[in-house]
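J.:
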Amino acid sequence: MTPLKFLAGLSDVFRRRVIRSGAQPLSVGANTDSDAKGERTVDAASCYFDEVFYRKQVASEDLGALTPWLHYRQFGEAIGLRPTALFDPRHYAASRPDVVDAGVNLLEHFTGSGIDEGFVPVDVESPEVLATALEKLAADPTDRLARLVAATDAFRRGRYEEAIEVVRRVPARGVAEQLIETKGLYLLGRYLEAIESLSCMDDAVPRHAPTFKKTMLGEIGHAASAAGDYATAITAYETMQSESATPVGDLPGILKALCTAYIQELCNAGKWDEGLELKRLYEERGLLDPTLAVDIVSVERNAKLSRNLYREFLAERVITPPMLMFRGEAGALSAEQGELIAPPQYYSEIRDCLAFSDANAVLQQGRVIYDLAAHPRGASAILQDRAAGGRYLFQARAAGRALVEVPELPNQTHEAGLMMFGVVSSNYGHWFLEYLPRMLAFNRANIEVDVPLFVNHGMPASHLESLELLNVHKRRIVTIGKGETLKFARLGVAPIPAYFPLDTHGGTYDTVWPADIFGELRDVFKRSIGIESRPGAACLFISRRSFTQRRLLNEEVIERHLVRLGFEVIYPEQLSFADQVRKFSSARIVVGSCSSALTNCIFCPKGAVVLGLIHDNASFNFYGYASFLMAGGVEIRFIRGKRSGSSQTTEHPLHANYEINMEHLCSALLEAGIA
1348 MTPLKFLAGL
1358 SDVFRRRVIR
1368 SGAQPLSVGA
1378 NTDSDAKGER
1388 TVDAASCYFD
1398 EVFYRKQVAS
1408 EDLGALTPWL
1418 HYRQFGEAIG
1428 LRPTALFDPR
1438 HYAASRPDVV
1448 DAGVNLLEHF
1458 TGSGIDEGFV
1468 PVDVESPEVL
1478 ATALEKLAAD
1488 PTDRLARLVA
1498 ATDAFRRGRY
1508 EEAIEVVRRV
1518 PARGVAEQLI
1528 ETKGLYLLGR
1538 YLEAIESLSC
1548 MDDAVPRHAP
1558 TFKKTMLGEI
1568 GHAASAAGDY
1578 ATAITAYETM
1588 QSESATPVGD
1598 LPGILKALCT
1608 AYIQELCNAG
1618 KWDEGLELKR
1628 LYEERGLLDP
1638 TLAVDIVSVE
1648 RNAKLSRNLY
1658 REFLAERVIT
1668 PPMLMFRGEA
1678 GALSAEQGEL
1688 IAPPQYYSEI
1698 RDCLAFSDAN
1708 AVLQQGRVIY
1718 DLAAHPRGAS
1728 AILQDRAAGG
1738 RYLFQARAAG
1748 RALVEVPELP
1758 NQTHEAGLMM
1768 FGVVSSNYGH
1778 WFLEYLPRML
1788 AFNRANIEVD
1798 VPLFVNHGMP
1808 ASHLESLELL
1818 NVHKRRIVTI
1828 GKGETLKFAR
1838 LGVAPIPAYF
1848 PLDTHGGTYD
1858 TVWPADIFGE
1868 LRDVFKRSIG
1878 IESRPGAACL
1888 FISRRSFTQR
1898 RLLNEEVIER
1908 HLVRLGFEVI
1918 YPEQLSFADQ
1928 VRKFSSARIV
1938 VGSCSSALTN
1948 CIFCPKGAVV
1958 LGLIHDNASF
1968 NFYGYASFLM
1978 AGGVEIRFIR
1988 GKRSGSSQTT
1998 EHPLHANYEI
2008 NMEHLCSALL
2018 EAGIA
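Numbering of the sequence shown is given in the numbering used here, commencing with residue 1348 and proceeding in unit increments.
#1: Can you look up ASN1803 in the DSSP assignment and give me helix, strand or coil?
#2: Name the DSSP beta bridge partners of ILE1986, please?
#3: So, MET1587 versus LEU1564, is the Cβ gap smaller than 8 Å?
#4: In the DSSP assignment, find the beta strand (DSSP E) that holds TYR1694 and state where it starts and stops.
#5: Provide the residue span of the beta strand (DSSP E) that contains PHE1888, from first to last.
#6: Answer with buried or exposed for SER1442, where buried requires no fewer than 16 other C-beta atoms within 10 angstroms of its C-beta.
#7: Could you please give the first and the last residue of the uninterrupted alpha helix (DSSP H) stretch that includes SER1591?
#8: Alpha helix (DSSP H) containing ASP1445: first to last residue?
#9: What residue ranges within the segment 1433 to 1513 form continuous beta strand (DSSP E) runs of no fewer than 3 residues, ordered along the chain?
#10: For the candidate residues MET1672, LEU1765, PHE1673, whose alpha-carbon lies nearest to that of ARG1823?
#11: Can you give the beta carbon distance from SER1773 to GLN1711, rounded, assuming they're within the 8 Å contact cut?
#12: Identify, in the order they occur along the chain, each residue of the same chain with its Cβ nearer than 6 Å to the Cβ of GLY1971, setting aside the five sequence neighbours on each side.
#13: Straight-line CA distance for VAL1365 to PHE1422?
#14: How many whole angstroms separate the CB atoms of VAL1514 and ALA1498, which I take to be in contact at a CB cut-off of 8 Å?
#15: Ignoring anything shorter than 3 residues or poking outside the segment 1746 to 1814, list the beta strand (DSSP E) runs there in chain order.
#16: With a Cβ-Cβ cutoff of 8 Å, do ASN1707 and VAL1770 count as a contact?
#17: What are the boundary residues of the beta strand (DSSP E) that ARG1658 is part of?
#18: Are the Cβ atoms of ILE1610 and GLN1731 separated by less than 8 Å?
#19: Pop quiz: ILE1986 and HIS2002 are said to be a contact at Cβ under 8 Å. What is the actual Cβ separation, rounded to whole angstroms?
#20: Please identify the residue among VAL1517, GLU1676, PRO1557, TYR1584 whose C-alpha is closest to the C-alpha of GLU1566.
#21: Run through DSSP, which three-state label would ASP1721 get?
#22: On the premise that LEU1960 lies in contact with GLY1939, defined as a C-beta separation below 8 Å, what is that separation, rounded to the nearest angstrom?
#23: Could you give the DSSP three-state label for PHE1847: helix, strand or coil?
#24: Taking the alpha helix (DSSP H) that LEU2016 belongs to, which residues open and close that run?
#25: Closer than 7 Å by C-beta to PRO1488: which residues in its own chain qualify, once you throw out the five before and the five after it? Chain order, please.
#26: Taking a contact to mean a Cβ-Cβ separation below 8 Å, would you say ARG1907 touches ASN2004 in this structure?
#27: Measure the alpha-carbon distance for SER1589 versus ALA1702 and round it to whole angstroms.
#28: Let me check one thing: in DSSP terms, what residues is ILE1688 bridge-paired to?
#29: Taking C-beta to C-beta, are ALA1841 and PHE1789 nearer than 8 Å?
#30: Nearest to ALA2022 by alpha carbon, out of GLY1866, SER1932, GLY1913, LEU1922?
#31: So, helix, strand or coil for GLU1831, using DSSP?
#32: Sort out for me which residues DSSP pairs THR1826 with in a bridge.
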């Protein structure tokens, strides 16, 4: 049978190849490959050619004057004949249509690059193919194609150990074998061995080896990091960085985070010295910015060590916990109730120190001064303090010690100042809870009137207005920009009224606030504005339409219902601070989402009722809201709604959007005397 008689049964792909070839037989010994590279490709391909196997597919008379090898090159491949039992042109063509379209000889392409790219030119799911491969491998362990087929079959069946053993039988392994070995080691979780296997891969063969390396190193780094194996993840990403001629994403940031996490892990395990040595090595390799090892101390402890001024106005005292009240569905709570001991109210001066515009911590003489971090529970607090450039100040901490960013040279130097700046000071709720109470201590202390107050840049007008109402000595107010490093000869500080971590590791801490501090703050504001204590009559509904977090999804329905009942809809963010105080001082009932705006309910007349709307997250800070409002003699009743489906996986669970059951709201209104 002549080769052209096969055309009728061929697929379009193979028909194109025969027509493209011209179907002209070569003369015996003819060489159409003129360059040396072509000769090497042909020679490599001929090594895989099995003349005995091929002759079984072609009658002797069909060969004519051609050798079996030349016949295959000119006709056999195009008509689907196999040069060896383990190479099927049809199978390889189906996996590489780009090669078919280029008109390249399939076997030559496979031996030149396809095998090193991990392509298998035969159906490994065929029992006959596998049996042939194993038979050939038993006869000749160096048979690369048989080894590749056997290893691929073991790999696809999930027998990674077997696949690795097959490709390792001979020392001289190509890229294809290394692909199987590396992927197998990776899937077995043997990440360091996988990285070592990758290091043996020749970048020159094939051309995609660098891309494969980069991809595998990224996958290894991600998997090791997820498993908490920081050392291996660092090795993977550092290798990836060294192998890349150009920057790859945010690798420096990823490496810095991993190095920090690894050092933190060692410190938590009591291996502080080991963590310091690792810090030194990482800094030498450029993986970490320079850091300082410092002791964590409270303001009081630092005053004793440095002989700084420290005056207490209120000693530690017991906090009366509030009774939580729910209307509608209550459900179990998962947040831990905060401690019932209020810290002292004090004023202290820290001398010759560094401060940061976006941090609550202060640095002085090898110590970081920070009540929150020095608290017995401080190790579980997630600190948000940032140094210059927006970098986190704390890189690791444990057992009263910390690694902090080496501060940049201060871009501001001041003789004296009072600290009213720090983390999230622009948030109204945090401003009221953490910052305004400091003014009570500043006003009590005998501080020169020319010492200014320092606040963050971009504070809302209502923040500054509230500050001015407490600024009885009319101190100058200095604003500092984001990312500033400041040096003070004297920095006056006062405490937050309770232990108040913004977030914690391993659960939620629900701070209980002391009534005395906030009761005094409430009275000072009302006196300054000229508001007398009298029963309220107004019914207020606080709108959250201007906000994107913790949205009340059925707010319009609730608003229409409340307006029919005589409620006034208010937008506190549009009011001056004094107008907010006046508005809430006139209320007998307030309905609103548990948010910063609800803080204003402390100004309501004693005996007023607040219906606090919130989602059903069990870790919400109910004690925080209730204890704060209790300082004003106000009773809050919580109505819990359902979180929306899209908010179940929100970045922070306490910011979820939700919907309130109208029956629960109406029942609570009726109980409060609103029908």
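Just so it is clear, CB atoms sit at the ideal spot from N, CA and C, and this is done for glycine as well. Just so you know, these numbers come straight off a predicted model, no measurement behind them.
T.: Considering the structure as presented:
#1: In the structure shown, ASN1803 adopts extended strand secondary structure according to DSSP, grouped into three states.
#2: Paired residue(s): ARG1674, LEU1960.
#3: Cβ distance < 8 Å, so MET1587 and LEU1564 count as in contact.
#4: Bounds of the beta strand (DSSP E) holding TYR1694 are 1692 to 1703.
#5: Looking at the DSSP string, the run of the beta strand (DSSP E) that includes PHE1888 is 1885 to 1889.
#6: Result: exposed.
#7: Going by DSSP, SER1591 is part of no alpha helix (DSSP H) at all; its letter is neither H nor E.
#8: From DSSP, the alpha helix (DSSP H) with ASP1445 extends over 1444 to 1449.
#9: Qualifying beta strand (DSSP E) stretches: none in this window.
#10: Minimum Cα distance to ARG1823 is reached at LEU1765.
#11: That belief does not hold up - the Cβ atoms of SER1773 and GLN1711 are roughly 26 Å apart, past 8 Å.
#12: These residues qualify, in order along the chain: ASP1857, THR1858.
#13: Residue placement at VAL1365 cannot be trusted, given a pLDDT of 37 that sits under 50; what the coordinates show is reported in the next sentence. In a straight line, the C-alpha of VAL1365 is about 7 Å away from that of PHE1422.
#14: At roughly 5 Å, the Cβ-Cβ gap stays under 8 Å, so VAL1514 and ALA1498 are in contact.
#15: Runs of the beta strand (DSSP E) inside the segment 1746 to 1814: 1748 to 1752, 1759 to 1766, 1800 to 1803.
#16: For ASN1707 and VAL1770, yes; Cβs fall inside 8 Å.
#17: Looking at the DSSP string, the run of the beta strand (DSSP E) that includes ARG1658 is 1657 to 1661.
#18: Cβ distance not < 8 Å, so ILE1610 and GLN1731 don't count as in contact.
#19: At roughly 18 Å, the Cβ-Cβ gap does not stay under 8 Å, so ILE1986 and HIS2002 are not in contact.
#20: Here the closest residue by C-alpha is TYR1584.
#21: It is Ala, not Asp, that sits at residue 1721 in the sequence shown. Here ALA1721 sits in helix by DSSP.
#22: The beta-carbon distance between GLY1939 and LEU1960, rounded to whole angstroms, is 7 Å. This is short enough to meet the 8 Å contact definition.
#23: Reduced to three states, the DSSP call for PHE1847 is coil.
#24: Residues 2009 to 2018.
#25: ARG1516, VAL1517.
#26: Cβ distance not < 8 Å, so ARG1907 and ASN2004 don't count as in contact.
#27: Rounded to whole angstroms, the separation of the alpha carbons of ALA1702 and SER1589 is 37 Å.
#28: Answer is VAL1665.
#29: A contact, by the Cβ cut-off of 8 Å.
#30: Comparing alpha carbon positions, the residue from GLY1866, SER1932, GLY1913, LEU1922 closest to ALA2022 is GLY1913.
#31: If DSSP states are grouped into helix, strand and coil, GLU1831 belongs with coil.
#32: Beta-bridge annotation (DSSP): THR1826 is paired with VAL1802.
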